Amino acid sequence: MFDGIRQRVHLTPEQICAMADRHFGIGCDQILLVENPQSPDCDFRYRIFNADGGEVAQCGNGARCFAVFVRRAGLSDKEVIQVETQSGQMQLRILENGEVSVNMGAPRFAPEAIPFKTLEEGPEYLLEVHHDTLRLAALSMGNPHAVLRVPDVATAPVTQLGPQIEKHPDFPQRCNVGFMEICDSSHIRLRVWERGAGETLACGSNACAAVVAGIRWGALDPAVAVDLPGGRLHIQWAGPGQAVMMTGPAQVVFDGTWPL
Ligand SMILES: N[C@@H](CCC[C@H](N)C(=O)O)C(=O)O
């Protein structure tokens, strides 16, 4: 059980993100707040906040970082850590090489589960954006994702189209937008415009969404290496109803304390 919360402080997520910026001079993409779990099967529970202070249900990078944080702080020596999140129970496994493998759960495609406004469910949708019609996949990894295929990720219009798709009225809870270049059937390059955070160096849940979309389009194998600006992830998906497995590193950047 987690016994780290000794003092309750009343800060809003916006205040925490702003303090992180002020004290550490960084732009945080997400912050995780750790709590005691409700289920006896779980070791920890955490809540996830985007840089804009909005609470969200899923964060693949956060899951890997959390596993490394727990091990480093000596909070658990279990090989598999069970955590509760808003998107359900997740298993985080620390591998011998220090990387973390995360069971990200099964993707969901039902439009109301994403949520995405469309008349029919499909592996691909057409979305009108500023007089252009874009082809994209829409799916949920516990949080909403759109994935577009681009010829060259380096020149993809991430900062132009990303915010427009993120806030498109057909995504009523907004979405994370991935721009995927398929190098070959087991290797993609990806840049992500994240809901509530803008373009980030990596997004684990969008990496899962991109690989799932590519597999459904018949363009990718069940195991794919995903190169993001921040590093490489390995994603595996065996098909509908199966959980997506994400494996990759997490690196400690610094420790800090806030005088409250
Ligand atoms: N911005 C996302 C939540 C964070 C995703 C994360 N960076 C990841 O690695 O999966 C959202 O609003 O859903």
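Residue numbers for the sequence shown follow our numbering, beginning at 30 and rising by one.
Each residue gets a CB set at the ideal place from its N, CA and C atoms; glycine is no exception.
Owing to the predicted nature of the structure, the values given are computational and were not obtained by experimental measurement.
{"Asked": "Pick from Asn90, Pro66, Ala139 that is closest to Ala279, judged by C-alpha positions", "Found": "Asn90"}
{"Asked": "Boundaries of the alpha helix (DSSP H) in which Gln271 is found, first to last residue", "Found": "Note, Gln271: premise wrong, no alpha helix (DSSP H); not H, not E."}
{"Asked": "Gln59 CB to nearest heavy atom of ligand 1 below 7 Å", "Found": "yes"}
{"Asked": "For Arg122, three-class secondary structure by DSSP", "Found": "strand"}
{"Asked": "Cβ neighbour criterion (16 or more within 10 Å) applied to Gly233", "Found": "buried"}
{"Asked": "Host alpha helix (DSSP H) of Ile194 (start-end)", "Found": "187-195"}
{"Asked": "Selected residue, minimal CA-CA separation from Gly171, among Pro69, Ala139, Thr229", "Found": "Ala139"}
{"Asked": "Asn205 beta carbon near ligand 1 (any heavy atom closer than 7 Å)", "Found": "yes"}
{"Asked": "Same chain, Cβ closer than 7 Å to Val241, five either side skipped, listed in chain order", "Found": "Pro136, Leu168, Trp266, Val273"}
{"Asked": "For Pro69, the three-state DSSP class (helix, strand or coil)", "Found": "coil"}
{"Asked": "The stretch 72-85 contacting the stretch 111-131, beta-carbon criterion three pairs below 8 Å", "Found": "yes"}
{"Asked": "CA-to-CA distance, Arg218 to Cys212, given in whole angstroms", "Found": "7 Å"}
{"Asked": "Buried versus exposed call for Thr229 [16 or more other C-beta atoms within 10 Å across all chains shown]", "Found": "buried"}
{"Asked": "Segments assigned beta strand (DSSP E), at least 3 residues, entirely inside the stretch 237-268", "Found": "252-257, 260-265"}
{"Asked": "Close beta carbons around Val97, own chain, < 6 Å, minus the five adjacent residues each side", "Found": "Ala279"}
{"Asked": "When His197, Arg164, Cys94, Asn65 are compared against Asp58, the one with the closest alpha-carbon", "Found": "Cys94"}
{"Asked": "Cβ-based neighbour list, Ala86, same chain, cut-off 6 Å, excluding 5 preceding and 5 following", "Found": "Gln115, Ser116, Gly171, Asn172"}
{"Asked": "Delimiting residues of the beta strand (DSSP E) encompassing Arg93", "Found": "Counting along the chain, Arg93 falls outside any beta strand (DSSP E), though it belongs to the alpha helix (DSSP H) covering 89-101."}
{"Asked": "Every unbroken beta strand (DSSP E) within the stretch 139-206, with a cutoff of 3 residues, ordered by chain", "Found": "154-158, 161-169, 173-178"}
{"Asked": "Contacting residues, own chain, Cβ-Cβ under 6 Å from Glu125 (five flanking each side not counted)", "Found": "none"}
{"Asked": "Simplified DSSP state of Gly227, which is helix, strand or coil", "Found": "strand"}
{"Asked": "Where Val183 falls, given that 16 or more other Cβ within 10 Å makes a residue buried", "Found": "Looking at the sequence provided, one finds Ala at residue 183 rather than Val. Exposed, because fewer than 16 other Cβ atoms sit within 10 Å of the Cβ of Ala183."}
{"Asked": "Segment contact, 8 Å Cβ cut-off, at least three pairs: the stretch 142-152 with the stretch 186-203", "Found": "yes"}
{"Asked": "Beta carbon proximity, Glu84 to chain C, threshold 8 Å", "Found": "Of the chains in the structure shown, none is chain C; there is only one protein chain."}
{"Asked": "Contact under 8 Å by Cβ, Cys237 with Ile264", "Found": "yes"}
{"Asked": "Per-residue DSSP class, three states only, for Gly233", "Found": "helix"}
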